[in-house]
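Trainee:
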Ligand code: 2NL
């Protein structure tokens, strides 16, 4: 910080006892005046290089060129010198003063230029431009489909339940009327977990359907039951356009006194109309699943060609959409229900397949290859 009287030259006492030095400063003697002027000039120049703002520059000007500045004070003393010395020292004093004035003007220009270039940077950052839109995520098409399907059943009084993806053989197969060694096990190529129990068996697997969770629900509650179980399932299988080794399933189950095949048909018909359009027709044909008797497959009339026959329905006018059936008495018995008192229906839906039909997607692998050009369309 530059003080008003920071001229560090102590050359004789101030005879004026003036306002500036308040009698504490010292004045140069005539012999030392040239040196005092030169030192003041050099100090001023040194400090000028540190000046970095218009405000600091003004302070510098007052300190070194102002009326009360050290240099002005020294210059005032020149008039008291003898004529020859006055001429010489006066020249030196005026040169020092002009030099400081010239440097002041130059520094002023430099500071202005740097402020302008800073403003230029600000201009490049145009605050009036609209902001970049934030990238908003969205639901995966499978999850959208899962929610849409579940919503249709929730509207009919079903509860949504989720369960573990790693399951026991007991829940995934045995309790569903698929005992060890039964040919029906071949319907599911299973991924087994590398875990051996005390008998040397491998009872742990990645679930091949979400039915095991429905068995758990039945084990733990008494009818009436109306649940849908969405979730990820797995199978040991090579992938192609219509098969993935991991996929979603939504299973549904209704168990109560007096549940008949008519309830199955009515519920699934309503589901078809909610998800595929109010004008949909449904068709039931016999099918086999070990955990139901009788078992059926449900098709809807093609929503693209209205049943006339096209690429999606492969010219048949019908699209197979799900498997269903009346819960097998052995399954009911297995969870401790009396099959003479309780009956039920169950169904299983593959949401990827439904989404493929609904949105015209030709390869199931697109769902899980994380290509945002595909996923961003939903
Ligand atoms: C399909 C067929 C089906 C079931 C799943 C089920 C569950 C219990 C008892 C009886 Cl706990 N059945 N589930 C029944 C029939 C068909 O799925 O192909 N889904 C994609």
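Numbering (my numbering), first residue to last: 5 to 382.
Glycine is no exception: its CB is placed at the ideal position from the N, C-alpha and C atoms.
Looking at residue 165 and the ligand 2NL, is the gap between the Cβ and the nearest heavy atom below 8 Å?
Mentor: As a first step, residue 165 is located in the chain shown; it is residue number 161 there, counting from the start. Not under cutoff, so the answer is no.
Trainee: Under the three-state reduction of DSSP, which class applies to residue 381: helix, strand or coil?
Mentor: Numbered from 1 along the chain shown, position 377 holds the residue referred to as residue 381. In this structure, residue 381 counts as coil in the three-state DSSP scheme.
Trainee: By alpha-carbon positions, which one of 150, 118 and 271 ends up nearest to residue 355?
Mentor: On the chain shown, position 351 is the one that residue 355 refers to. When each option's Cα is compared against that of residue 355, the closest is 150.
Trainee: Rounded to whole angstroms, what's the CA-CA distance from residue 291 to residue 265? Just pull it up for me.
Mentor: Position 287 of the chain shown, counted from the first residue, corresponds to residue 291. Position 261 of the chain shown, counted from the first residue, corresponds to residue 265. Going by the C-alpha atoms only, they are around 14 Å apart.
Trainee: Can you give me the C-alpha to C-alpha distance between residue 243 and residue 308, rounded to a whole angstrom?
Mentor: Position 239 of the chain shown, counting from 1, holds the residue named residue 243. Position 304 of the chain shown, counting from 1, holds the residue named residue 308. One C-alpha to the other measures close to 27 Å.
Trainee: So which of 222, 257 and 219 has the shortest CA-CA distance to residue 230?
Mentor: Residue numbering aside, residue 230 sits at position 226 when the chain shown is read from its first letter. When each option's Cα is compared against that of residue 230, the closest is 257.
Trainee: I want to check one thing, is the minimum distance from the CB of residue 286 to the heavy atoms of the ligand 2NL below 8 Å?
Mentor: For the purposes of this step, residue 286 is taken as residue 282 along the chain shown, with counting starting at 1. No, the ligand 2NL has no heavy atom inside 8 Å of this Cβ.
Trainee: Enumerated in chain order, which unbroken segments of the beta strand (DSSP E) with a length of 3 residues or greater are wholly contained in the region 295-379?
Mentor: Within the region 295-379, the complete beta strand (DSSP E) runs of at least 3 residues are 296-305, 322-331 and 346-353.
Trainee: Measure the alpha-carbon distance for residue 71 versus residue 115 and round it to whole angstroms.
Mentor: In the chain shown, residue 71 corresponds to position 67, counting from 1. In the chain shown, residue 115 corresponds to position 111, counting from 1. For residue 71 and residue 115, the distance between alpha carbons rounds to 24 Å.
Trainee: Tell me, to the nearest whole angstrom, how far the beta carbon of residue 348 is from that of residue 331; I am working on the premise that it is less than 8 Å.
Mentor: In the chain shown, counting from the first residue as 1, residue 348 sits at position 344. In the chain shown, counting from the first residue as 1, residue 331 sits at position 327. Sure, about 4 Å apart at Cβ, within 8 Å.
Trainee: On the premise that residue 259 lies in contact with residue 272, defined as a C-beta separation below 8 Å, what is that separation, rounded to the nearest angstrom?
Mentor: Along the chain shown, one-based indexing puts residue 272 at 268. Along the chain shown, one-based indexing puts residue 259 at 255. Not a contact, Cβ separation roughly 16 Å.
Trainee: Just verifying my parser: in three-state terms, what is the DSSP assignment at residue 262?
Mentor: Residue numbering aside, residue 262 sits at position 258 when the chain shown is read from its first letter. The answer is coil: DSSP assigns residue 262 none of H, G, I, E or B.
Trainee: Give the residues whose C-beta lies closer than 7 Å to at least one heavy atom of the ligand 2NL, in chain order.
Mentor: With the cut-off at 7 Å, the residues found are 180, 213, 215, 218, 219, 222, 253, 255, 257, 293, 295, 296, 299, 326, 327, 328, 329, 331, 332, 335, 350, 351, 352, 353 and 354.
Trainee: May I ask which residues mark the beginning and end of the beta strand (DSSP E) holding residue 172?
Mentor: In the chain shown, residue 172 corresponds to position 168, counting from 1. Here the beta strand (DSSP E) through residue 172 covers 170-172.
Trainee: Could you please give the first and the last residue of the uninterrupted alpha helix (DSSP H) stretch that includes residue 235?
Mentor: Numbered from 1 along the chain shown, position 231 holds the residue referred to as residue 235. Careful: residue 235 lies outside any alpha helix (DSSP H), inside the beta strand (DSSP E) at 229-238.
Trainee: Grab me the residues of residue 363's own chain with a C-beta within less than 6 Å of its C-beta, minus the 5 sequence neighbours each way, in chain order.
Mentor: Reading the chain shown from its first residue, position 359 is the one you call residue 363. Within the same chain, residue 363 has no close Cβ partners at all.
Trainee: Quick check on the burial criterion: 16 or more other C-beta atoms within 10 angstroms. Buried or exposed for residue 159?
Mentor: On the chain shown, position 155 is the one that residue 159 refers to. Exposed is the call here.
Trainee: With DSSP collapsed to three states, give me the class of residue 122.
Mentor: In the chain shown, residue 122 corresponds to position 118, counting from 1. Note: residue 122 maps to helix in three-state DSSP.
Trainee: Should residue 186 be labelled buried (16 or more other beta-carbon atoms within 10 Å of its own) or exposed?
Mentor: For this step, residue 186 is matched to residue 182 along the chain shown. Label assigned to residue 186: exposed.
Trainee: Please state whether the Cβ-Cβ distance between residue 94 and residue 78 is less than 9 Å.
Mentor: Sequence index remark: in the chain shown, residue 94 carries index 90 (1-based). Sequence index remark: in the chain shown, residue 78 carries index 74 (1-based). Cβ atoms of residue 94 and residue 78: not closer than 9 Å.
Trainee: Please confirm if the region 303-318 is in contact with the region 197-208, defined as three or more CB-CB distances below 8 Å between the two stretches.
Mentor: Result no; under three Cβ-Cβ pairs closer than 8 Å.
Trainee: With DSSP as the reference, label residue 197 as helix, strand or coil.
Mentor: In the chain shown, residue 197 corresponds to position 193, counting from 1. Reduced to three states, the DSSP call for residue 197 is coil.
Trainee: So what does residue 94 bridge to, in DSSP terms?
Mentor: The residue labelled residue 94 in the question sits at position 90 within the chain shown. Looking at the DSSP assignment, residue 94 forms no beta bridge with any residue, so it has no partner.
Trainee: Compare the C-alpha of residue 383 against each of 299, 239, 289 and 69 and name the closest.
Mentor: No answer is possible for residue 383: the residues shown for the chain start at 5 and end at 382.
Trainee: For residue 154, list the residues DSSP reports as bridge partners.
Mentor: Within the chain shown, the letter at position 150 stands for residue 154. For residue 154, which the question treats as bridged, DSSP gives no partner whatsoever.
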